[in-house]
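K.L.:
Quick one: structure below, then a few questions.
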Amino acid sequence: MKNSIIAAVVATCALTAGTIGAAGPAVAARDGKIHTTGSDDMTWVMPDVDGMVLKHAIITVSDVTAPVALNIGTVAKGDQPVINQEDWVVCGQSPKEGAKISQETLKVVLAVQRPHDSSCA
């Protein structure tokens, strides 16, 4: 009786460990983070922020790379200063959607325009 209880506990633990181990890669992919097996290189997939209000675009990109801080720059038409992030809409991005941001680069550039403008910077 004692041996069958121990065997049941061991089987349950093994099954649970296998389930948790299989769920790990799915969680990593959902977060946008990619870790190359056998490497110390951590990269992130750039989300699509085109058409977003600048403030929300910055939050979206920062959430993908958290806790690592990025250098997020903006380019506005006519070199206008970007003071209030809620007054600008993203009309272009580098890197493009789906491209990787490496820890070496840590740089994202967002082209922005006023909501009523028809042309991008």
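FYI, in mature numbering (1 follows the signal peptide of the UniProt record, and there is no 0) the residues of the sequence shown are -22 to -1, 1 to 99. Note that the Cβ used here is the ideal one computed from N, Cα and C, for glycine as well. Keep in mind that this is a model prediction, so the values were computed, not measured.
#1: Apart from the five residues on each side of it in sequence, which residues of its chain come closer than 6 Å, Cβ to Cβ, to A89?
#2: Please classify T21: is it buried, with 16 or more other beta-carbons within 10 angstroms of its beta-carbon, or exposed?
#3: Determine the extent of the beta strand (DSSP E) in which V86 is found, giving its start and end residues.
#4: Could you check which residue in S80, Q91 and S96 has the C-alpha nearest to that of M24?
#5: For the beta strand (DSSP E) holding I36, just list the boundary residues, first then last.
#6: Using C-beta distances below 8 Å, list every residue in its chain close to R77, excluding the 5 sequence neighbours before and after it, in chain order.
P.N.:
Quick look at the numbers:
#1: Excluding residues within five positions, the ones whose Cβ falls inside 6 Å are V53, C69, G70, C98 and A99.
#2: Counting C-beta atoms within 10 angstroms of its own C-beta, T21 has 16 or more neighbours from the protein chains shown and is therefore classed as buried.
#3: Counting along the chain, the beta strand (DSSP E) containing V86 begins and ends at K85 to Q91.
#4: When only C-alpha atoms are compared, the closest one is S80.
#5: DSSP places I36 outside any beta strand (DSSP E); the residue lies instead in the alpha helix (DSSP H), whose first and last residues are L32 to T43.
#6: Note that residue 77 is Ala in the sequence shown, not Arg. Around A77: V23 and M24.
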